[in-house]
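Everything below concerns the one structure shown next.
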Amino acid sequence: MADAQVATVSNELPETDNLAIGFFKEIILDQNCRDLIERYCKLPSDQVVPHLYTVREKAWKVFPWPCVGMWSFVVPTVNTLPQYSSIISRAKEGGQRILDLGCALGQDVRQMIDDGVPDHLVYGVELEAGFIDLGYDLFLDRDTLKSQFISADVLEKSGPNPELAAWNGKIDIIYNGRFLHCFSRDDGLVVAMRMTKLLSNRSGSVIVGECLGGRIDREVVAPIGKLHLYSVESFKEMWTQAAEKTKVKFKVDVKAQSAGQAQMAHFGGDVVSLVFWVERL
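Residue numbering for the sequence shown follows our numbering, beginning at 1 and increasing consecutively.
Structure (structure tokens):
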């Protein structure tokens with residue numbers, strides 16, 4: 001793999017009093033991500049970095065999340081999963097539907113499409129409608145992409161979302177990229193139950209992804225609010241509760257891996273990345 005490319009484009013911080021300003025970083029773009037942008041967007045190499053800065057300025061105004069300031073919004077993570085080849089095969093050869101829940105700008109949606117999944121089989125849900133719109137600006141596919149996106153609060157605190165309800169029981173693979181830790185423990189259980197409702201009734205349908213976790217189960221206060229860091233044990237316990245409440249049986253495989261340096265710096269040295277595969281039996 002080629003060395004990471006560090007941009008030399010000057011970039012002034014936007015005016016904001018949000019504490020997340022500490023996450024607003026200079027771009028570091030690895031070669032795989034650069035290749036995706038060039039290939040998918042059909043951009044010349046020297047236009048990639050200026051294009052990304054332009055989109056980030058717009059994204060920061062929608063919501064100054066760490067994933068925006070630290071460029072995570074442009075870096076796919078689904079392709080780092082150990083089961084990624086299986087996910088792609090199930091969609092390409094079996095016609096299975098994939099939902100990216102908490103899709104941000106849809107970078108993982110485009111990664112899967114670039115790797116051969118028909119775009120009509122990949123769906124996205126994102127709370128911030130502005131992020132979905134900016135995804136089209138980022139990937140320059142507003143008039144060509146057939147994937148369906150909806151803006152929805154997965155907690156449905158204002159009542160059931162009819163657009164989301166239309167997908168109930170129709171999704172074979174639900175992907176979460178650094179999503180579940182954004183909720184309290186109680187809300188995380190609600191999210192798990194809502195994902196179960198979206199999941200196909202067929203045995204083998206799966207919820208897969210990763211979230212930040214800890215060696216011990218704990219809540220942390222971050223610039224964007226409170227986060228819940230599950231331990232391996234508490235993550236399994238949460239899914240046991242979800243299974244009991246929904247009357248659905250799951251096999252839960254979750255492993256703790258090293259988290260990135262930025263996450264450890266902000267949340268403590270015991271922060272880990274939990275990689276999970278929750279399969280319906």
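In this text, a Cβ means the ideal position worked out from N, Cα and C, and glycines have one as well. The structure displayed is predicted, hence computed values, not measured ones.
Under the three-state reduction of DSSP output, aspartate 253 falls in the strand class.
Annotation: the continuous beta strand (DSSP E) that includes phenylalanine 149 extends over 148-151. Around the beta carbon of glutamate 126, a 10 Å sphere encloses 16 or more other beta carbons of the protein chains shown; the residue is thus reported as buried. Closest by C-alpha distance to glycine 214, out of Ser200, Ser234, Met70 and Ala242, is Ser234. In the DSSP assignment, arginine 34 falls outside any beta strand (DSSP E) and lies within the alpha helix (DSSP H) extending over 31-41. Taking the Cα positions, threonine 246 is about 11 Å away from leucine 189. DSSP places serine 273 inside the beta strand (DSSP E), whose first and last residues are 271-280.
Leucine 281 sits exposed, since fewer than 16 C-beta atoms from the chains shown fall within 10 Å of its C-beta. Taking a cut-off of 8 Å on C-beta distances, the stretch 149-168 touches the stretch 120-139, as three or more cross pairs fall below it. Assigned with DSSP and collapsed to three states, glutamate 126 falls in strand. If the five residues before and after asparagine 79 are omitted, its C-beta is found closer than 6 Å to the C-beta atoms of Gln111, all from its own chain and listed in chain order. For tyrosine 84, the uninterrupted alpha helix (DSSP H) run begins and ends at 84-92, by DSSP. Linking alanine 259 to phenylalanine 276 through their CA atoms gives a straight-line distance of about 14 Å.
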